[in-house]
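Protein sequences appear in the order of chains Z and X.
The first sequence runs 1 to 211 under full-length UniProt numbering.
The second sequence runs 1 to 297 under full-length UniProt numbering.
Glycine included, every Cβ here is placed at the ideal spot set by N, Cα and C.
If you're wondering where the values come from, they're calculated on a predicted model, not measured in any experiment.
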Amino acid sequence: MPDNSETPKQQHKRRTVLKAGGAAAIAGIAAAHSVTEASAATQAQDAALAADTEASAVPIVLTVNGQARQLRVEPRVTLLDALRERLDLTGTKKGCDRGECGACTVLVDGRRIKSCLTLAVMRQDCAITTVEGLAKGDDLHPVQAAFIRHDAFQCGGCTSGQIMSAVAVIDEGHTGSTDEIREWMSGNICRCAAYPNIVAAVQDAAKEKRP
Amino acid sequence: MDFLIPSTFAEALAIKAERPEVVPIAGGTDVMVELNFDHRRPTALLDLTRIAELTEWAPSENLLRVGAGVPYVRIIDELGDRLPGLAMASRTVGSPQIRNRGTVGGNLGAASPAGDTHPVLLACDAQVEVASVRGTRMIPAAEFYLGVKRNALEPDELIAAVHLAPAAAPQQFSKVGTRNAMVIAVCSFAVALHPEQGRVGAAVGSAAPTPRRALAAEEFLAGELSDAGLWESPKPLLDSVRRRFGELAAEAASPIDDVRGTAAYRRHALAVLARRTLGWAWQDYCGTGETRSQSCA
Ligand SMILES: Cc1cc2nc3c(=O)[nH]c(=O)nc-3n(C[C@H](O)[C@H](O)[C@H](O)COP(=O)(O)OP(=O)(O)OC[C@H]3O[C@@H](n4cnc5c(N)ncnc54)[C@H](O)[C@@H]3O)c2cc1C
Ligand code: FES
Ligand code: FES
Chain Z
1 MPDNSETPKQ
11 QHKRRTVLKA
21 GGAAAIAGIA
31 AAHSVTEASA
41 ATQAQDAALA
51 ADTEASAVPI
61 VLTVNGQARQ
71 LRVEPRVTLL
81 DALRERLDLT
91 GTKKGCDRGE
101 CGACTVLVDG
111 RRIKSCLTLA
121 VMRQDCAITT
131 VEGLAKGDDL
141 HPVQAAFIRH
151 DAFQCGGCTS
161 GQIMSAVAVI
171 DEGHTGSTDE
181 IREWMSGNIC
191 RCAAYPNIVA
201 AVQDAAKEKR
211 P
Chain X
1 MDFLIPSTFA
11 EALAIKAERP
21 EVVPIAGGTD
31 VMVELNFDHR
41 RPTALLDLTR
51 IAELTEWAPS
61 ENLLRVGAGV
71 PYVRIIDELG
81 DRLPGLAMAS
91 RTVGSPQIRN
101 RGTVGGNLGA
111 ASPAGDTHPV
121 LLACDAQVEV
131 ASVRGTRMIP
141 AAEFYLGVKR
151 NALEPDELIA
161 AVHLAPAAAP
171 QQFSKVGTRN
181 AMVIAVCSFA
191 VALHPEQGRV
201 GAAVGSAAPT
211 PRRALAAEEF
221 LAGELSDAGL
231 WESPKPLLDS
241 VRRRFGELAA
251 EAASPIDDVR
261 GTAAYRRHAL
271 AVLARRTLGW
281 AWQDYCGTGE
291 TRSQSCA
């Protein structure tokens, strides 16, 4: 059956337009058009760019690790940059900024995505989980604990992404064999090649999670 | 940059008519790379992800209508039995994270010759439903790809859906890449058996400026199968038939040398892919139950 998981998002206002000036949302595209063009035409390019960056910031609310966080971002800001640069959640890493390395993996509504490939403005009304949201106080998430037990990292650059992907892999039920784990973890690259230990950690954590 | 968030397809089409230069964004797995690296500075993005109509699939007459915004993960999970070729291709796109977001509409919008769904859409005679405020039209996949990253969309049009017949017989897709995950295809091939029409669909990807049907291979095989009455009483295919099919498939390509491979390698690999995928599909059709690995080469 077609999945209806998108329906809650439909509560959005008709033709919401995030536009220059930050006045949350206005209806009608003609207005948005003229404002952007007028400001760009009258200023030197650098100044215009800077002003545009300032002026075109829009207020948004992101729900990260259960907390609603208000911030102002330019529409072109990725979720990754919003998390790291604006919300000081630097656990999520930037490796390539082009979807290839997986260091920026976060969960959005329970599904893993690459936060460098999505805009912050597109992720309002979603529940975002970053690596900072896994532990309960001093109690590490079973996947985090397994990574430590198995020494599943060297430099650590890829680790938060590996851990977020591992949490999703276990939820998705793709941990039947080491080959299956390798395949379903293939969106996360480790330049230190800690793969054998990562696979062992995922396998171990998957056992632990089973009732 | 403006960020426009229509909540219905009609609104999206109105915006696209008024501002044809806006760049639609669905899964963002192509668009975001261009933005992050400043290859593209759109004046506005048109967010298609809130439009419910685009993220649904449903039977439509004898076909299945798959909304342009249905992500790969759902095609694999929900349509794997009815659209096996499309699901196989979807399964090879990027990584799990990319498949959670990327869409067939985005693959068609980008129209990269290496896009993995294209050979399948061609082999399965898919129709692309495109719409604008002027109305809706159906474009056969074979007429959709015009050049490298160029498709048949008019500036005011958006892709609404693809229409494909539920598979009546086996389909296969295969691609060659430098590793198992996250690779752009060096070349790819799809084959779909259409016994009800006494025909075979075959198409190559990543081996010409556009994805292409392998018409000579299709005709050759259809002739062989009907001459020998194999549709009605299937028997294993002769090696010579599979080989000739592979050669003709490779001849459909006009590959180039690039960082991913030489033209000569692509031709060779395509012949192998075509021979093997046909072998797998035909074995399924015969119901011999042999495994893929035994049928290789
Ligand atoms: C790491 C990585 C690996 C990848 N691996 C593969 C791979 O193995 N195989 C493969 O085929 N691709 C691959 N891709 C490319 C990409 O994931 C696919 O092309 C995907 O199908 C794009 O879908 P999307 O929804 O994310 O598109 P978007 O990025 O949202 O859009 C892509 C293009 O289509 C346009 N568009 C989107 N929807 C519509 C619509 N409804 N109407 C009109 N235009 C529209 C956009 O304006 C844009 O030009 C990869 C990308 C990355 C980053
Ligand atoms: S930083 Fe996002 S995948 Fe590399
Ligand atoms: S631990 Fe160094 S990149 Fe993985």
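Residue contact with chain Z for residue 133 (chain X): absent (no Cβ-Cβ distance below 8 Å to any residue of chain Z). Per DSSP, reduced to three states, the secondary structure at residue 158 (chain Z) is coil, with no helix or strand assignment.
Counting only beta-carbon distances shorter than 6 Å to the non-hydrogen atoms of ligand 2, the qualifying residues in chain order are Z:94, Z:95, Z:96, Z:97, Z:99, Z:100, Z:101, Z:102, Z:103, Z:104, Z:114, Z:116. Residue Z:206 holds the alpha-carbon nearest to the alpha-carbon of residue 172 (chain Z) among Z:61, Z:160, Z:206.
About 6 Å separates the beta carbons of residue 19 (chain X) and residue 44 (chain X), which is inside the 8 Å limit, making them a contact pair. Between the region 161–176 of chain Z and the region 93–109 of chain Z there are three or more C-beta pairs closer than 8 Å, enough to call the two in contact. Around the C-beta of residue 59 (chain X), fewer than 16 other C-beta atoms lie within 10 Å, and the residue is accordingly described as exposed.
The continuous alpha helix (DSSP H) containing residue 284 (chain X) extends over residues 263–286. Looking at the DSSP output, residue 149 (chain X) sits in no beta bridge, so it has no partner there.
Look at residue 96 (chain X): its C-beta is under 8 Å from a C-beta on chain Z.
Here residue 64 (chain X) carries a strand assignment [DSSP, helix/strand/coil].
Just measuring C-alpha positions, the residue of X:95, X:267, X:196 sitting nearest residue 182 (chain X) is X:95. Secondary structure at residue 81 (chain X): coil, using DSSP grouped into helix, strand and coil.
Annotated three-state conformation of residue 97 (chain Z) is coil, per DSSP. For secondary structure counted as the beta strand (DSSP E) over 3 or more consecutive residues, the region 188–233 of chain X holds these complete runs in sequence order: 199–205. Among the residues of the region 29–43 of chain X, those with a Cβ less than 8 Å away from any Cβ of chain Z are 29, 32, 33, 35, 36, 37, 43, in the order of the chain.
From the listed residues X:114, X:81, X:133, X:8, the smallest Cα separation to residue 258 (chain X) is found for X:114. Each of Z:88, Z:125, Z:77 was checked against the Cα of residue 116 (chain Z), and the nearest Cα belongs to Z:77. Here the alpha carbons of residue 63 (chain Z) and residue 268 (chain X) stand approximately 51 Å from one another. Neighbours of residue 56 (chain Z) in chain X, taken as residues whose beta carbon is under 7 Å from its own, are 1 in chain order. Proximity of chain X to residue 186 (chain Z) at the Cβ level (cut-off 8 Å) is accounted for by 95, 96, 180, 181, 182, in chain order. For residue 90 (chain X), the three-state secondary structure derived from DSSP is helix.
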